[in-house]
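The structure under discussion appears below in the form of structure tokens.
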Amino acid sequence: MPVRPLPKRPPSPEAPTLKNRLVREWRNKKSTAAQPIILQESGESSQPIRVYVIWDDWKEVSGIERSEIIMDAFEAVHGKRKALNVTVAMGLTSAEADRMGIHYQ
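So for the sequence shown, numbering that gives the first Met the number 0 puts the first residue at 0; every next one is plus one.
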């Protein structure tokens with residue numbers, strides 16, 4: 000089966016706002032906000048990192064764009080070097096997370 004390039008889409012108008020809100024939440028260790036919920040699975044410093052962000056504000060954003068926003072926010076908070084270890088960056092609404100069996104509460 001041939002490999003085909005995926006056309007690059009311009010970011011949606013809400014992407015910069017979502018990224019900035021996610022960065023603020025990631026940096027605020029004492030946040031009491033109900034969402035976004037950031038789940039991070041990782042091992043040692045050079046091990047793969049899996050990031051799941053449960054956020055109902057994702058509702059109108061495509062899966063690919065959700066992942067791009069998460070990666071951009073992760074890099075802004077943790078730096079490019081650590082971002083290279085992220086193997087999964089998945090944004091889900093609470094209903095999607097429930098359907099996938101991702102426990103976040």
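Beta carbons: idealized from backbone N, C-alpha and C, even for Gly. It should be emphasised that the depicted structure is a prediction, and the values quoted were computed from it without experimental measurement.
Closer than 9 Å to chain B by CB, Asp71: Of the protein chains in the structure, only one exists, and it is not chain B.
Span of the alpha helix (DSSP H), counted from its first residue to its last, around Ser61: Numbered from 1 along the sequence shown, position 62 holds the residue referred to as residue 61. Careful: Ser61 lies outside any alpha helix (DSSP H) and carries neither H nor E.
Beta-carbon proximity of Ile48 to Glu40, cut-off 9 Å: Here the question's residue 48 lines up with position 49 in the sequence shown. Here the question's residue 40 lines up with position 41 in the sequence shown. Yes, the pair counts as a contact, with Cβ atoms nearer than the cut-off.
Pick from Val52, Ile101, Glu64 that is closest to Ile36, judged by C-alpha positions: Here residue 36 corresponds to residue number 37 of the sequence shown, with the count starting at 1. Checked all of Val52, Ile101, Glu64; the closest Cα to Ile36 is Val52.
Buried versus exposed call for Arg26 [16 or more other C-beta atoms within 10 Å across all chains shown]: Here residue 26 refers to the residue found at position 27 when the sequence shown is read from its first residue. Burial call: exposed.
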